[in-house]
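In our numbering, the protein residues as written are 47 to 558. Just so it is clear, CB atoms sit at the ideal spot from N, CA and C, and this is done for glycine as well. These numbers come from a predicted model, not from an experiment. Notes to accompany the following structure.
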């Protein structure tokens, strides 16, 4: 006795964190008692698709084939969830039962089905489609509600509103894809406070521009009310608008967190955390694989206010992401990685009363008390700060003349232009190292050649190192910051003056 086995294969995808995996969906229809099985380590949301698919097929004028239907979703060793497989499974059943004609090419579909056969978008579609743009299936079918995600990815696809639209595509040759353009997105600068509003803080302004230009970490220590929090907000306005790839990644993460909502205007994120932040909100939720503040700040600014009041556990959790520019979550026996490439700015008081840098006997703390207070910031954490800058209250006599001499012209546009040019120089220099590589995070076997460090500068660095001023990380940090200073000045080679300025921003003696 021979059995007739009907078979079809289509493709879809699922998201783990912000990583996308392409799935093969195989459907077989064999004679026997009518059953419907979904295999491949799928959770209840996928197994429940049988009811949605059966109702959608019948409501759309199709029929559910008789016999045993088996749906296999691979890779079978990875746990999957979500409703984005509905449309692909339904199409596979229609192909296997020959109600539609399966073309001899790779067909990708995604979308959730309603009981009446309407096709609905699902969360994280931008994440999936951005990945899909690199794999380029022959036919891509997505819901009409995923147009913004398709524009974000810049892919070529055809949208459908209901299940019956597949009949026009696969029976009557009506596949007419649209090439979605990323140009439809509007990007803007997150500028609410101008640099000129930070009065009398020339050294801090310089540190802010350097940090923003090279994605460096910055620690601001100063008196209450001197402008530390304002400085963090100003830095967000110094960043250039995101480029296409950055805008796509920002949109993808926001859509993933917001559960599918879209936006027409994209700006770099500005995330604010203070001493009340928890480890879970900082790193993310491993159980649901939801990113936290570190990943949400990707391509933007993460501002940590009152850093000297942070719990030690939270401070130590910042160290690894600052080094690797990524965050890892562990769930279901697997590791999920989120990018976390941002300008990190921390602000805090230099002592318990906050007035260590003020004259006139304002500070009531002893030198020992100051050292004890600052010891809350561990040595490894401080070693990861590329720039450390003290700020003095503008009410102090030493700052009054500077305040009176300042003009009222906006400074942010000029500073932002310098930052943008410096970043373009870095992208050109590191174009063979991958995306999102800047002076602060480039890794190479020959820093002297890549960063254009002359022999005289190397000798000067060795002198500083021999004096015990630098750790290995600090030595490299000086070169990285000096390279950014040279980029801001549009110079090809690093100078000794660049190194000396970098050293000025790493000294903590005055703070202790």
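Asked: Between the alpha carbons of residue 159 and residue 325, how many angstroms are there, rounded?; Found: 38 Å
Asked: So, for residue 461: in the same chain, excluding its five sequence neighbours on each side, which residues have a beta-carbon less than 7 Å away from its beta-carbon?; Found: 241, 255 and 284
Asked: Under a Cβ-count criterion, where at least 16 other Cβ atoms within 10 Å of its own Cβ denotes burial, should residue 382 be classed as buried or exposed?; Found: buried
Asked: With DSSP collapsed to three states, give me the class of residue 365.; Found: helix
Asked: Nearest to residue 314 by alpha carbon, out of 346, 207 and 336?; Found: 346
Asked: Decide if residue 495 is buried, meaning its Cβ has at least 16 other Cβ atoms within 10 Å, or exposed.; Found: exposed
Asked: Does DSSP classify residue 51 as helix, strand or coil?; Found: coil
Asked: Rounding to the nearest angstrom, what Cα-Cα distance links residue 503 and residue 539 in this structure?; Found: 10 Å
Asked: What's the gap between the Cα of residue 47 and the Cα of residue 297?; Found: At residue 47 the pLDDT is 40, less than 50, meaning the model places this residue with poor confidence; the figure from the coordinates comes in the next sentence. Looking at the two C-alpha atoms, the distance is approximately 56 Å.
Asked: Take residue 339 and list the residues in its own chain whose beta-carbon comes closer than 8 Å to its own, dropping the five residues that flank it on each side.; Found: 317, 319, 323, 327, 328 and 348
Asked: Closer than 6 Å by C-beta to residue 448: which residues in its own chain qualify, once you throw out the five before and the five after it? Chain order, please.; Found: Note that residue 448 scores 49 on pLDDT, short of 50, meaning its location in the model is unreliable; the coordinates nonetheless yield the value given after this. Answer for residue 448: 246, listed in chain order.
Asked: Can you tell me which of 178, 51 and 336 puts its alpha carbon nearest to the alpha carbon of residue 143?; Found: 51
Asked: Only counting the same chain, and skipping five residues up and downstream in sequence, which positions put a Cβ closer than 8 Å to that of residue 217?; Found: 146 and 147
Asked: Rounding to the nearest angstrom, what Cα-Cα distance links residue 423 and residue 355 in this structure?; Found: 9 Å
Asked: How would you write the range of the beta strand (DSSP E) that residue 402 sits in, first residue to last?; Found: It is not in any beta strand (DSSP E) - residue 402 carries neither H nor E in the DSSP assignment.
Asked: For the alpha helix (DSSP H) that residue 141 lies in, which residues bound it at each end?; Found: 132-142
Asked: If we ignore side chains and look at the alpha-carbon of each, how far apart do residue 411 and residue 336 end up?; Found: 43 Å
Asked: Out of curiosity, what's the CA-to-CA distance linking residue 250 and residue 276?; Found: 11 Å
Asked: Closest to residue 66 by CA distance: which of 82, 279, 359 and 295 is it?; Found: 295
Asked: Rank 428, 523, 537 and 543 by C-alpha distance to the C-alpha of residue 261 and give the top, closest one.; Found: 523
Asked: Run the CB neighbour count on residue 15, radius 10 Å, all protein chains shown included, and call it buried at 16 or more, exposed below.; Found: Residue 15 falls outside the range modelled here, since the chain spans only 47 to 558, and no answer is possible.
Asked: Within 10 angstroms of the Cβ of residue 444, are there 16 or more other Cβ atoms? Answer buried if so, exposed if not.; Found: Legend: pLDDT at residue 444 = 45, less than 50; position of this residue unreliable, no value from coordinates given.
Asked: What does the alpha-carbon distance come out to for the pair residue 416 and residue 402?; Found: 8 Å
Asked: Figure out for me which residue from 542, 271, 472 and 487 has the closest Cα to the Cα of residue 501.; Found: 542
Asked: Note down the Cα distance separating residue 399 from residue 361, rounded to an integer number of angstroms.; Found: 21 Å
Asked: In or out: residue 563 buried (at least 16 other Cβ within 10 Å) or exposed?; Found: Absent from the structure is residue 563, since the part of the chain shown begins at 47 and ends at 558.
Asked: Quick check on this structure: which residue in 84, 235 and 369 has the alpha carbon closest to the alpha carbon of residue 489?; Found: 369
Asked: Taking residue 202 as part of the beta strand (DSSP E), name the residues at either end of that continuous run.; Found: 202-206
Asked: Alpha carbon to alpha carbon, how far is residue 268 from residue 394?; Found: 7 Å
Asked: Quick one: give me the first and last residue of the beta strand (DSSP E) that residue 518 is part of.; Found: Premise fails: residue 518 lies in the alpha helix (DSSP H), 518-534, not in any beta strand (DSSP E).
Asked: Which two residues bound the contiguous beta strand (DSSP E) that contains residue 83?; Found: 81-85
Asked: How far does the alpha helix (DSSP H) with residue 198 in it extend, from its first residue to its last?; Found: 193-199
Asked: Which term fits residue 311, buried or exposed, when burial requires 16 or more other beta carbons within 10 angstroms of its beta carbon?; Found: exposed
Asked: Using three-state DSSP, classify residue 545 as helix, strand or coil.; Found: helix
Asked: Relative to the alpha-carbon of residue 549, which residue among 429, 164 and 475 has its alpha-carbon at the smallest distance?; Found: 429
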